[in-house]
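A short worksheet on the structure shown next.
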Amino acid sequence: MRVETCHFCSRPAFPSKGITFVRNDARQFRFCRSKCHKNFKMKRQPRKLKWTKTHRAARGKEMIVDSSLVLSQFAKKRNVPVKYDRNLMAATLTAMERVEEIRTRRERVFTKRRLAGKLARERQREADRKVVNEGEHLIRKELREREEGLPMVAEQSKVSNRVHGEERIRQKQKSKLLVDGGVEEQMDID
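Numbering follows UniProt numbering, with no gaps: position 120 of the sequence shown is 120.
So, in structure tokens, the structure goes:
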């Protein structure tokens, strides 16, 4: 079973699933679903759409295949059949195991590095909370000074009922909130 990758989002496109688009120059584009095909027809850049593998790789969210390891060599299509050789097969299997071991080690380092950034942000947030808790009296003092300096305006909004004929119409007065928490009244709205 030949599993191809989607030209747009790099997901696996299994046989009988998805769409194959063949251009005039006989270049084939395989898409895993209609979403990818539509975006390709709209000439959208996969790097700019957050759900594609290329975007995730460009932003450092996903592990990129290293060219130094020659990881893709085993999955390469070969047109010429190779004659079976026991020594070659044994060497290939040991090489595949070694490559898988290196890949898992690099993935582990990659995830540790990503999580280290998250842990550092959480530690910084906790340190900020601690500083705020220790200096809470200073913050209250500053707020009190602000309140004393600004004029106080009472009553947020007045609602009045007027009778016009048979109907009761509710009218609200428009009001603005001030920085210190007070309210500034404005014109009536009909």
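Heads up, the beta-carbon is just placed ideally off N, CA and C, and yes, glycines get one too. Quick caveat, the model's predicted, so the values are computed rather than measured.
The C-alpha of T94 is placed about 18 Å away from the C-alpha of V82. Looking at the backbone, the Cα of H37 and that of G60 are separated by about 25 Å.
When rounded, the separation of the alpha-carbon atoms in T104 and R123 is 28 Å.
Around T20, the same chain offers Q28, F29, R30, F31 as residues with beta carbons nearer than 8 Å, after the five sequence neighbours per side are excluded. Taking a contact to require three or more Cβ pairs closer than 8 Å, the stretch 34 to 49 and the stretch 7 to 19 qualify as touching.
In this structure, the alpha-carbon of R144 lies about 10 Å from that of L138. Under DSSP, A13 shares a beta bridge with E4. Excluding its 5 nearest sequence neighbours in each direction, M63 has C-beta neighbours in its own chain below 6 Å: E107, F110, listed in chain order. In summary, P15 is exposed, with fewer than 16 beta-carbon neighbours lying within 10 Å of its beta-carbon over all protein chains present.
Per DSSP, Q124 is one residue of the alpha helix (DSSP H) stretching across 86 to 134.
Where T20 is concerned, the enclosing beta strand (DSSP E) starts and stops at 19 to 22. Between R2 and G18, the C-beta gap is not smaller than 8 Å, which leaves the two residues out of contact. For R56, the enclosing alpha helix (DSSP H) stretches over residues 53 to 58. Assignment of R27 by DSSP, reduced to helix, strand and coil, places it in the coil class.
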